[in-house]
Structures are given as C-alpha cells and as structure tokens.
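Take a look at the structure below.
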Amino acid sequence: MKSKWYELKENAIKLRQQGFSIGKIERDLGIPRSTLSGWLKNIKLTARQKEELLQNWKNGLINARRQAVIWHNAQKAERIKEAESSAKRTLKNINLNDKNILELALAFLYLGEGAKNNPETALGSSNPLILKFFLSLLKNIYNIKVEKIGCELSLRADQNPDEMKKFWSHALKIPIERFKQVHLDKRTIGSKTYQHYKGVCHLRCGNVAIQRKLISIANLFCEKIIDKNLGS
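Taking the numbering used here, I'd label the letters of the sequence shown as residues -14 to 217.
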C-alpha cells in the first residue's frame, strides 16, 4: 500500500540529489522524516554538497544562537520594565517628604556602605547615584553644607587623578578644591581599567554623631522587625 506522500517521492529525490538537507525537504514538502529516510538513504551526495550542507548547518546554528540572544534580551527587558513598574507602585505609597522615612533609608545605606570604625560620618562608592543620595540627605536632614564635605579618591594605577577629580566634581556638584587626596592602587600596575570605571570616591563630613545615630537607627529597626515577626 502506497503512503499518502508517495506522489511527492520523485520530487523529494530530486531535491536531495540537488544537495538539499533532509530537514529542509521535510519542512518544504511536509513529509515525515521517517518516510524520507527510507526514500533517500541510497542517494550519495558529492563532497561539495556535503561541504555546503555542513556550512549551512553552521550558519543556521550561529543564527539560532543570535536569535536566542535577541529573545533572551527582550525577555530581560520586559522583566526589568515590570520591576520598574512595581517599584513605582511601591513608591506611590511612600511619603518622600517624611524625614523619618528618609533618615531610615539613609541609615540602611550607611549600615551597608558607610564607615564604622573611624570617628566620622563617611561613605565611599564607585556609584555616583549612591553618593548623590548620601549628600542630598545629609543636607536635607542634618543641614550639612557641601563646603563641610571632604573628598578622597581611590584609583587604579592607570587612571589620571586630575581627570577623575573633574569627573567626580562634576557628577556630585562639589568644588574640585574639596578633593584633597588621591590614592593609587599599586597592585593594579600593568592592568588596564575599564573606561566606565571612575574609581571610588569617599565623602567625609567629620560628624561622628550622625554616624552613631544612623547605625543605631538601622540596628534598632532590624531588631524591632525581627521581634515583631519572629518573636522575642
């Protein structure tokens, strides 16, 4: 009994003889691969045809990987967009004019990033956004003037101190004269620095009372939340 694809057999054989892959013939004619394998098993391809099929397979693999990257990037962009939307919904419920909330936010930033072993309020970061946040709340909550802030830079050996001072001065709106010291890490000699990396900027206001209060706020808040949710 002839299969329902028998009328396509001659066409399938001609395509194979022309050097088409079994996969393409399967897709173009809609014939199951199991049927094609039986029809085409005795057809010998030339060396050139085999080489072209191999190259086509490699090109297809490259294209598939490229498409996969595009798909994953699109999915990532969607997840980031949803995260931003969710964050905006949360922020709508927070009174950003409440200084208690702002001080709590600053306290947790300081607990994670601030200096704790020296008698001063100081914080260092390679991220200008974090430092601008730190500066804005020092001014908003404690009325600390920019003129009271000392600045230091920790740079890699191949970075230009004058250029980095200009970068951080512009980014933080702090007079360049406030950048008193620059430390170069000799361990990085011979290692090239990524262009986006601008070193670490340390900001110091010298007021240890603020440091003590921020750390106390963060620690006490953690303890209260733990007691509330886990019990004493």
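For every residue, glycine included, the Cβ atom is placed at its ideal position computed from N, Cα and C. Computed from a prediction, not measured in an experiment: that's the story for all the values here.
| query | Whose CA, out of 72, 13, 165 and 172, lies closest to the CA of residue 134? | reply | By 1-based counting over the sequence shown, the position of residue 134 is 149. For the residues 72, 13, 165 and 172, the minimum Cα distance to residue 134 belongs to 165.
| request: Kindly identify the DSSP beta-bridge partner or partners of residue 140. | output: Within the sequence shown, numbered from 1, the residue matching residue 140 stands at position 155. Paired residue(s): 169.
| query | Got a sec? Which residues, its chain only, sit under 8 Å from residue 171 by beta carbon, not counting five neighbours each side? | reply | Here residue 171 is taken as the residue at index 186 of the sequence shown, counted from 1. Contacts found: 142.
| request: Provide the residue span of the beta strand (DSSP E) that contains residue 189, from first to last. | output: For the purposes of this step, residue 189 is identified with residue 204 of the sequence shown, where counting begins at 1. Per DSSP, residue 189 belongs to the beta strand (DSSP E) from 185 to 189.
| task | Tell me, please, whether the stretch 51 to 67 touches the stretch 97 to 110 by the rule of three or more beta-carbon pairs shorter than 8 Å. | result | no
| said: Do residue 0 and residue 16 have their beta-carbon atoms positioned less than 8 Å apart in this structure? | reply: For the purposes of this step, residue 16 is taken as residue 31 along the sequence shown, with counting starting at 1. For the purposes of this step, residue 0 is taken as residue 15 along the sequence shown, with counting starting at 1. For residue 16 and residue 0, no; Cβs fall outside 8 Å.
| Rounded distance between the beta-carbons of residue 203 and residue 96, thought under 8 Å | As a first step, residue 96 must be located in the sequence shown, where it is residue number 111. As a first step, residue 203 must be located in the sequence shown, where it is residue number 218. 4 Å between Cβ atoms; contact.
| message | Using a Cβ distance threshold of 8 Å, determine whether the stretch 104 to 120 contacts the stretch 190 to 203, with at least three qualifying pairs required. | response | yes
| said: Taking only three categories from DSSP, how would you classify residue 81? | reply: In the sequence shown, the residue the question calls residue 81 occupies position 96. Residue 81: coil per DSSP, three-state reduction.
| field | Presumed contact (8 Å Cβ cut-off) between residue 30 and residue 4, rounded CB distance | value | By one-based count along the sequence shown, residue 30 stands at place 45. By one-based count along the sequence shown, residue 4 stands at place 19. About 6 Å; that satisfies the 8 Å criterion.
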